[in-house]
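The letter at position 66 of the sequence shown is residue 66 when you use UniProt numbering, and the numbering goes up by one with no holes.
Note that beta-carbon positions come from the ideal geometry of N, C-alpha and C, so glycine has one too.
This report concerns only the one structure given below.
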Amino acid sequence: KEYINKSKIRYKRIIASDLIIIDDVMYMTYETQEANLFFQFIYDLYDKAAFILTSNKGPNEWGKFLGDPTLTTAILDRLLHRSEIITFDNETDSIRMKYRKVLF
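Below is the structure:
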C-alpha cells in the first residue's frame, strides 16, 4: 500500500511538470497493460506539458512494440500534434558513440 501511495505522489508531481523528458522510448516491447498506462500518461499530459522523447525507433515502428495499432495511432496523434521530429543519421550516431566513450 505504501508503494502505491508513493507512486501516486510521484505521478502527481510528474503530471504537474511543464516538460517531460523520456529517454529510449520503445526500447523494448510493452505488455498490454503497460501500453495502456503509457497512453493514459500521454493523454493526461496532452496540451498540458511539452515532451522530449528519444528513441532509436521511428514512429512507424512503434506499433510493433505497443502491440495495438489503434492504441499506437492514438499515442502518436497526441505526441506528433504540433511537434518537431529531429532525426540523426548513422554517421551522427557513430560520432555520438565516439564521444560517449571519451566521456565515460
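In the DSSP assignment, the beta strand (DSSP E) including ALA16 goes from what residue to what residue?
As a position in the sequence shown, residue 16 is number 16, starting the count at 1. DSSP places ALA16 in no beta strand (DSSP E); its state is neither H nor E.
Per-residue DSSP class, three states only, for PHE88:
Sequence index remark: in the sequence shown, residue 88 carries index 88 (1-based). Coil at PHE88, not helix or strand.
Taking the alpha helix (DSSP H) that ALA50 falls in, what are its first and last residues?
Start at 1 with the first residue of the sequence shown, and residue 50 comes out as number 50. It is not in any alpha helix (DSSP H) - ALA50 instead sits in the beta strand (DSSP E) that spans 50-53.
Confirm, please, whether the CB-CB distance from LYS64 to THR29 is below 9 Å.
What you label residue 29 is simply residue 29 of the sequence shown in a count that begins at 1. What you label residue 64 is simply residue 64 of the sequence shown in a count that begins at 1. Yes, they are a contact pair.
Hey, could you find the ends of the alpha helix (DSSP H) TYR27 is sitting in?
For the purposes of this step, residue 27 is taken as residue 27 along the sequence shown, with counting starting at 1. In the DSSP assignment, TYR27 falls outside any alpha helix (DSSP H) and carries neither an H nor an E.
Assign ALA50 to buried or exposed, taking buried as 16 or more other Cβ atoms, counted over all protein chains shown, within 10 Å of its Cβ.
The count along the sequence shown starts at 1 and reaches residue 50 at position 50. Per the 10 Å Cβ criterion, exposed.
Identify every residue that forms a DSSP beta bridge with residue 106.
For the chain, the structure presents residues 1 to 104; residue 106 sits outside this window and is missing.
Answer with buried or exposed for LEU66, where buried requires no fewer than 16 other C-beta atoms within 10 angstroms of its C-beta.
Position 66 of the sequence shown holds residue 66. The residue is buried, with at least 16 neighbouring Cβ atoms inside 10 Å.
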